[in-house]
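Presented below is the structure to which this report refers.
Number of protein chains: 2
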Amino acid sequence: MSIWNEQLGPDSDVVISSRVRIARNISGYPYTNMNDINSLTNLMEELNNIIDKIKKQLGLTWIDLRNTSPIDKLCYIENHLMSMEMLGGDLQGALVLNKDDSLSVMINEEDHLRIQSILPGRQLEMAYKICDDFEQRLGTKLNYSYDEKLGFLTSCPTNVGTGLRVSAMMHLPALTQTGAIKKILEACAKMGVAVRGAYGESSKAEGNIFQISNQVTLGYCEEEIIENMLHIINQIIEKERNLRQKILNSDKISLEDKIFRAYGILANTRRIESNEAMELMSWVRLGIDIKVIDFINPINMNKLLVELQPGNIQKRAGGELHPAQRDEKRADLCRQMMKKEEV
Amino acid sequence: MSIWNEQLGPDSDVVISSRVRIARNISGYPYTNMNDINSLTNLMEELNNIIDKIKKQLGLTWIDLRNTSPIDKLCYIENHLMSMEMLGGDLQGALVLNKDDSLSVMINEEDHLRIQSILPGRQLEMAYKICDDFEQRLGTKLNYSYDEKLGFLTSCPTNVGTGLRVSAMMHLPALTQTGAIKKILEACAKMGVAVRGAYGESSKAEGNIFQISNQVTLGYCEEEIIENMLHIINQIIEKERNLRQKILNSDKISLEDKIFRAYGILANTRRIESNEAMELMSWVRLGIDIKVIDFINPINMNKLLVELQPGNIQKRAGGELHPAQRDEKRADLCRQMMKKEEV
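Protein chains in written order, with my numbering: chain S, 1 to 343; chain Z, 344 to 686.
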C-alpha cells in the first residue's frame, strides 16, 4: 500500500491524488532509447552506488526490474509507481521507492531518471518538494544534461525545459453524468492541459476518474507551472461540487437510488469485471463524499481502486489467474471492502 | 394477510399457492350479466341472510362492495381474493371472507357465486374440500341452477358442468431462463391446461410466476380434474427442480452472482418499479429455495409479492399515491423485507 491510497488528503472528495514527476538525464550517457545495453547497465550501476549511500537515511529500496516478476511489475504500474513502458522483459531498468511510496524513481525509462511523488488529495506543492529535494540531492553527485537556453534536456522534446509534469487524479461523476465535462475538456485543451483516464495516454476515464496534467514544460518556471495547474484544479473542484449539490437538490431520491444500488451490487456480487466494478465504485465514492453513505471508510475506495486491478489481484492470490478467476477474486474483494463499519 | 402468503405449504420451493374455485348460479335469478339491478340486489339480500346464520360459526365477514373504496378493492384483487371484474364502481356485489382468507366467496361476479379457496404450496385437494364444504352448506338453503345432462349451469359455457377451476401459482425461473418453458406451454395447451401470469388472462408472467389452470370443466368429475392437474403440476415441479440442479452444477458462481446482485439491489434500492422488483425477487426466491440464501425468511417473498402491488402500497400509506411515490414506498418495503435474520 502506498500513502496515496492509505491516507486521505485535502479536498479528497474530488481529488484522489496529486502527482509530480521530474525528468532528468545524466551527462555523458546516451539517451535510453539508443538501447546501448553497456551504457544502460553502467548507468544503473553508477546510480545504484550513489543511491546506496543515501538509502538508509531516506528509507529507500532499490528494485532491479531485470529480476522482477511480471505480476510484481504490473502491481507497481497499477499503484502508479511505474509506467507501462517499463513492463518489457528486456528492460535494463530499476525502480527506487521510499517507505510509503511517496517517492518513486524510475531509472532508464524514457529518460535516465524519472523522479516522481504521489500524495493523497490536492498536494501538488508538497509532491513537488519531495521530487525537488531528491533531484537536488542527486544533483550534487552527478551532472544533469542541461542547456543554458533550453533548460534540462530530455529524450522527448515535449519534456524539455523543466522536465516537470504535474497532474491530479480527479473523480468527476457529476461533471460526467451531466455532460458538463465536455466544456472542461475543451477549456483544458486550449490551456495546454491534458485530460486522460487514470492509466495514462490511451486509457479511458473508467469510473469517472480523470488525470489532469500540464503539457507545457518549457517557457515557465516550476512554480508557475504548479500554480497554473492548481488554479485549473481548483476551478474543476468547484464546478464538480456545485453540480453535485445541484443534482442532490433536484432529485435526491434518484441519486440515492443509484448510489445504494451500486453499493448493493458491490456488497453482494460473486463475479465482476474491472470496468463494471469501477463504474459502481464511482457511485459509492460519490455517496461517501456527499454523505449519503456513512458506513464505509472512504479510504477503502482508494484501496479498492488499486487492489481490484489484475496485477494486484494475482499478487494477492499468489500466482497467475484466468480472467474468470480474477472476476471472482475481485468480487470477494469488493464484498470485503463494502462491509459496513462505524466510520 | 392471507394464509397463502403467511404460511408455507408443501413443495413451496416451486408451488407458491393452490387455488380452487367453484362457479354456481341460483335458480330463479337471471345471470348477473343481464344487469337486472333489482334482481342483483335481491339476490345479495337473500345470500346475506343465509350467510348471516353461519357467519359466526365459520368466522365469515360480509364485505359489501358497493361501499368499498377502490384502494381496498384493489387490495382484494392483489391478494387474489377477488377478480379484476369486480373493480367496477356500479357493481352490485359482495365478497365473503373467512378469518385467514382460505375461503373467499364472490357474489354477483360473472356467476352468482364464485366460491374460492387459496392455500399455500401444493394443496389442491384441501382447497377443493374447503370450497366443496361451503358449496354443500349453502346448497341446503337454496337451489343451484343445474341440468341433468350438462351439470351445473354457468354464465359462460366454458364453466358449465362442474363449474370447477383448479390452478397452481408456480415459480419457474429455471424453466424460463433456459427456455424450456416453451415445451411446457405447448404440452399444457394440448392437454387443455392454460398457463398465464399471476394476475389472470392478460397478465404477463412477471417474476417467472405462472398460473397453471384447467380449461375443461365438462365431461370429468371433480376428482378427475384435480387428479389430472396434480399430475401435470407434479411433472412441472420435477422438471423445474432438475433444471435448477443442472444450472447449479454447471455454473454455480454465475447463478450465485445473479441471486446476490438481485438481493443487493432489493436490499438497497430507494426507488423501484413493480416489474423490476418482481424480476429481482424471482432471483432471491430461487436463492432461498436452492439454499444459496439462508438469511431471509422464505415467507417474506410471498408477503412482498402482494405488498409491493399498487393497491397494497396505497393501503399501507393510507391514501392515493403517484406512481413515483409508490416506487419509493415499494423500495422501502423491499429493503425492510430483505433485512437479514436468522431463519
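Where a beta carbon is used, it is the ideal one built from N, C-alpha and C, also for glycine.
For clarity, every value in this text was computed on a predicted model and none was experimentally measured.
CB of residue i within 9 Å of CB of residue j, strictly
i         : j         : result
Z:Gly-494 : Z:Thr-483 : no
S:Leu-280 : S:Arg-335 : no
Z:Ala-541 : Z:Gly-550 : yes
Z:Ser-597 : Z:Ala-470 : no
S:Ile-233 : S:Arg-66  : no
S:Arg-196 : S:Glu-273 : no
S:Asn-5   : S:Asn-98  : no
Z:Asp-600 : S:Thr-158 : no
S:Ser-102 : S:Ile-247 : no
Z:Ala-523 : Z:Lys-582 : yes
S:Ser-282 : S:Pro-173 : yes
S:Ile-296 : S:Tyr-263 : yes
S:Thr-41  : S:Asp-111 : no
Z:Ile-450 : Z:Leu-390 : yes
S:Cys-131 : S:Ile-290 : no
Z:Asn-486 : Z:Ser-370 : yes
S:Ala-324 : S:Leu-304 : no
S:Lys-56  : S:Trp-62  : no
Z:Gly-436 : Z:Met-387 : yes
Z:Ala-537 : Z:Leu-467 : no
S:Leu-243 : S:Leu-185 : no
S:Arg-271 : S:Glu-328 : yes
S:Gln-116 : S:Val-20  : yes
When the options are compared against residue i, the one with the closest alpha-carbon
i         : options                                       : result
Z:Asp-637 : Z:Asp-354, Z:Thr-560, Z:Arg-457 and Z:Glu-685 : Z:Glu-685
Z:Asn-655 : Z:Pro-353, Z:Ile-569, Z:Ser-412 and Z:Asn-557 : Z:Ser-412
Z:Glu-491 : Z:Ile-569, Z:Leu-383 and Z:Leu-561            : Z:Leu-561
Z:Pro-653 : Z:Cys-418, Z:Asn-441, Z:Ala-530 and Z:Ser-426 : Z:Cys-418
Z:Leu-424 : Z:Leu-507, Z:Arg-457 and Z:Leu-573            : Z:Arg-457
S:Val-216 : S:Glu-125, S:Met-229, S:Gly-88 and S:Asp-132  : S:Met-229
S:Glu-222 : S:Arg-165, S:Pro-323 and S:Arg-24             : S:Arg-165
Z:Tyr-489 : Z:Arg-367, Z:Leu-664 and Z:Lys-416            : Z:Arg-367
S:Gln-211 : S:Gln-7, S:Gly-9, S:Ile-16 and S:Met-1        : S:Ile-16
S:Val-292 : S:Arg-316, S:Leu-304 and S:Phe-260            : S:Phe-260
Z:Cys-531 : Z:Gln-578, Z:Leu-485 and Z:Tyr-487            : Z:Gln-578
S:Lys-315 : S:Leu-95, S:Asn-302, S:Ala-94 and S:Lys-73    : S:Lys-73
Z:Leu-676 : Z:Asn-643, Z:Leu-664 and Z:Glu-663            : Z:Asn-643
Z:Thr-521 : Z:Asp-476, Z:Glu-452 and Z:Gln-588            : Z:Gln-588
Z:Val-627 : Z:Pro-373, Z:Gly-662, Z:Arg-669 and Z:Lys-683 : Z:Lys-683
Z:Ile-631 : Z:Met-681, Z:Arg-480, Z:Ser-593 and Z:Met-344 : Z:Met-681
S:Phe-134 : S:Glu-85, S:Ile-51 and S:Asn-33               : S:Ile-51
S:Met-34  : S:Glu-109, S:Asp-100 and S:Asn-49             : S:Glu-109
S:Leu-58  : S:Ala-317, S:Leu-286, S:Asn-275 and S:Leu-138 : S:Leu-138
Whole-number beta carbon distance between residue j and residue i, since they are thought to touch under 8 Å
i         : j         : result
Z:His-514 : Z:Val-357 : 6 Å
Z:Leu-438 : Z:Ser-447 : 7 Å
Z:Ile-414 : Z:Leu-430 : 11 Å between Cβ atoms; not a contact.
N-terminal and C-terminal residue of the beta strand (DSSP E) that residue i is part of
i         : result
Z:Asp-407 : 404-407
Z:Ser-382 : Unbroken run through Z:Ser-382 is the alpha helix (DSSP H), 380-401; no beta strand (DSSP E).
S:Ser-274 : Unbroken run through S:Ser-274 is the alpha helix (DSSP H), 274-289; no beta strand (DSSP E).
Z:Leu-528 : Run containing Z:Leu-528: none in the beta strand (DSSP E); it sits in the alpha helix (DSSP H), 524-533.
Z:Ala-437 : 437-440
Z:Ala-366 : 358-367
Z:Ile-346 : Premise fails: Z:Ile-346 is in no beta strand (DSSP E) and is neither H nor E.
Z:Ile-450 : 447-450
Z:Gln-459 : 456-463
S:Ala-317 : From DSSP, S:Ala-317 is part of no beta strand (DSSP E) but of the alpha helix (DSSP H) over 310-317.
Z:Ala-687 : Any question about residue 687 of chain Z goes unanswered here, given that chain Z covers just 344 to 686.
Partner residues on chain C for residue i, Cβ-Cβ distance less than 8 Å
i         : result
S:Glu-328 : Structure shown: chain C not included; protein chains present are S and Z.
Range of the contiguous alpha helix (DSSP H) that encloses residue i
i         : result
S:Pro-173 : 173-178
S:Val-306 : 299-307
Z:Arg-678 : 666-680
S:Asn-214 : It is not in any alpha helix (DSSP H) - S:Asn-214 instead sits in the beta strand (DSSP E) that spans 209-214.
S:Ser-250 : 222-250
Z:Tyr-471 : 467-482
S:Pro-70  : 70-78
Within 7 Å of chain Z by C-beta, residues of the segment 249-277 of chain S in sequence order: The segment 249-277 of chain S vs chain Z, Cβ under 7 Å: Ile-253, Ser-254, Glu-256, Asp-257, Phe-260, Arg-261, Tyr-263, Gly-264, Ile-265, Ala-267, Asn-268, Thr-269, Arg-270 and Arg-271.
Would you list, in chain order, the members of the segment 219-235 of chain S that have their beta-carbon closer than 8 Å to a beta-carbon of chain Z? Taking 8 Å as the Cβ-Cβ cut-off against chain Z, none of the residues of the segment 219-235 of chain S qualify.
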